[in-house]
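Protein chains: 2
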Amino acid sequence: MSSTASYRGRGRPRAFAEDEALDRAIRVFWEHGYEGASLSDLTAAMGINKPSLYIVFGSKEELFKRAVARYRDTYVAYAAGTLEEPTAYAVIESYLRAAVDALTGSDHPPGCLTIQGGLSCAPSNSGISEHLAGFRAVFEGELAQRLARAEKEGDLAPGTDTAALARFVVTLGQGLAVHAAAGAGREDLQAAVDVALRAVAAYLPSGSPVTPAAETAEA
Amino acid sequence: MSSTASYRGRGRPRAFAEDEALDRAIRVFWEHGYEGASLSDLTAAMGINKPSLYIVFGSKEELFKRAVARYRDTYVAYAAGTLEEPTAYAVIESYLRAAVDALTGSDHPPGCLTIQGGLSCAPSNSGISEHLAGFRAVFEGELAQRLARAEKEGDLAPGTDTAALARFVVTLGQGLAVHAAAGAGREDLQAAVDVALRAVAAYLPSGSPVTPAAETAEA
DNA sequence: CCACATTGCAACCGATCGGTACAGAACCTG
DNA sequence: CAGGTTCTGTACCGATCGGTTGCAATGTGG
């Protein structure tokens, strides 16, 4: 929206598309992290120069936050969709499967921007790692709520520690991201997800509506 | 060993203990990562100045690798011990429990140096992230070998994908490290381990020699 | 007590960091 | 086409980066 809204019809028109420049910045931050991505790297990849970057995005930190927000709306958009699955097991399965696919996709850097972006930073950049940590916590909260609902609806065994189950799932997801960033392949990670789903199956109620045993066969 | 071996009895004696300086460097790298830790930060924490650092450790990169090696021999020494446990389940349980305790210990930074140290770096520092990735892969290999032995010895169900099981365990461990770095508490992470152990229990042979159900009660 | 080996420290090195000032190019309105 | 407005590109800013030099300080062996 803001890419054209700021153009009021007067003056020299902008020579680049803001969203595309942001997409390219995402890649650089994704590959090298916040501190590993210099302004020179960024402007070279974005095809603009530093004054333009400064005018449009304000600062390197604001550019990064804009990049993370756009990253969420594009590369991580699948996550919200998985919460719509009908059962807790289906939610977790589809999330982990989709996460592996997203983390190992061939048309972008491996891993996850919200982890590689800045797990730990210089003292002056501590806001970056905190921003990312808060960002990651949001989905864990949403998943925990979804699983609590599932427990009430009866597709998780009564008394299940849904917060712990959600934390397990996102923790595994973050581990998958670390592994993917180090070069692990899709099949290897899906096999690890197979194991994790065995744990989830243990929390299904007695008359389990799904047949989780089918998962191990497809991989 | 090398802290005193270079002293040949002639000349001014060194005013600092090499291992203690290394311990302090570990903390700085642990908190801020390789790129987030400047030489000024390091020398200030180590209590030495730059020429001394350069003479003893060669460069920032060599200092980091020395720090990682010492980190392994001290803070991660517990991991090798867990492989000595008698059964696959005991190995995995003791490893994950000990990992959570190590990741959330109060007398050092939270998380794991081998992940926060440099998950992704500037292009000129790509050797750092590769070094750490290779370092992490070592334990996964050792655990996979240990679990393969367990499958032969009969305390894992025949036909178990031991490589996938090992990958699941270390992947979860890495996720725990990310979570711990973001401030997660010990109990929260142990609850996630409770869930994970349910998955492991699914791979035990029919007449399971251990009673994994006891785990959920103690937390 | 002297010659020598080694360390500690301050000051400095070129390069690069994130961020800007300024001048000219490109567009709209009138 | 003139006037106003906005963007682009170059060249530059102080600060800091990792790394190094030269020298005074401090110790040992003869």
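Order-wise, the sequence lines are chains A and B.
The first sequence lines up with residues 1 to 219 when you count with this note's numbering.
The second sequence lines up with residues 1001 to 1219 when you count with this note's numbering.
All C-beta atoms in this analysis are idealised placements derived from N, C-alpha and C, irrespective of residue type, glycine included.
Residue-level contact check: B/P1158 does not touch chain A, since none of the beta carbons of chain A fall below 9 Å from its beta carbon. If you draw a straight line from the Cα of B/Y1089 to the Cα of A/E153, it comes to about 33 Å. Across the set A/G11, A/A25, A/A148 and A/D101, the C-alpha of A/A25 shows the shortest separation from the C-alpha of A/M46. Going by C-alpha positions, A/L156 is about 16 Å away from A/S94. Interface residue (Cβ-Cβ distance to chain B less than 9 Å): A/Q174 is classified as such.
Near chain A, meaning a CB-to-CB distance below 7 Å, no residue of the region 1060-1092 of chain B qualifies. Non-local C-beta neighbours of A/L42 in its own chain, meaning closer than 6 Å and more than five positions away in sequence, comprise A25 and V28, ordered along the chain. In the three-state reduction of the DSSP assignment, A/I26 falls in the helix class.
Under the three-state reduction of DSSP output, B/N1125 falls in the helix class. Using a Cβ-Cβ cut-off of 7 Å, A/V28 is close to nothing in chain B; its nearest Cβ partner there is about 10 Å away. Residue state for A/F16 is assigned as coil, using DSSP reduced to three classes. In the displayed model, B/E1085 falls within coil according to three-state DSSP, outside both helix and strand. A Cβ-Cβ distance of about 5 Å is found for the pair B/A1192 and A/R167, placing them in contact under the 8 Å criterion. Put simply, the CB of A/G183 is near chain B, with a gap under 9 Å to one of its CB atoms. Between A/L147 and A/V170 the beta-carbon gap is near 11 Å, outside 8 Å, which marks them as no contact. Secondary structure of B/G1033 (DSSP, three-state): helix. With a beta-carbon spacing of about 5 Å, A/G111 and A/A180 fall inside the 8 Å limit used to define contacts.
Ranked by Cα distance from B/L1053, the first of B/D1019, B/A1184, B/R1198 and B/A1133 is B/D1019. Under the three-state reduction of DSSP, B/G1134 is assigned to helix. In the structure shown, B/Y1075 falls within a coil segment according to DSSP collapsed to helix, strand and coil. Here the alpha carbons of A/E62 and B/L1063 stand approximately 33 Å from one another. For the region 1094-1105 of chain B, no residue has a beta-carbon sitting nearer than 8 Å to a beta-carbon of chain A. Between B/V1195 and chain A, the shortest Cβ-Cβ separation is below 9 Å. Take the alpha-carbon of A/Q190 and the one of A/P51: they are about 44 Å apart. In terms of beta-carbon proximity, A/H179 lines the interface with chain B, with at least one pair separated by less than 9 Å. Around the C-beta of B/E1035, 16 or more other C-beta atoms lie within 10 Å, and the residue is accordingly described as buried. With its beta carbon less than 9 Å from one in chain A, B/T1171 belongs to the interface. The beta carbons of A/I115 and B/L1113 sit about 16 Å from each other, so the pair does not count as a contact at 8 Å.
Look at A/T162 here: in three-state DSSP terms it is helix. Sixteen is the threshold: when 16 or more other Cβ atoms of the shown chains lie within 10 Å of the Cβ of B/A1177, as they do, the residue is buried.
Residue-level contact by beta carbon holds for B/Q1116 and chain A, with a gap shorter than 9 Å. Listed along chain A are A199 and A202, each with a C-beta nearer than 7 Å to that of B/R1198.
Interface residue (Cβ-Cβ distance to chain A less than 9 Å): B/F1139 is not classified as such. For the pair A/A202 and B/A1201, the CB atoms are nearer than the 9 Å cut-off. Boundaries for B/R1010: no alpha helix (DSSP H) harbours it, and the DSSP string shows neither H nor E there. The shortest CA-to-CA distance from B/G1105 to any of B/F1139, B/G1185 and B/Q1174 is the one to B/G1185.
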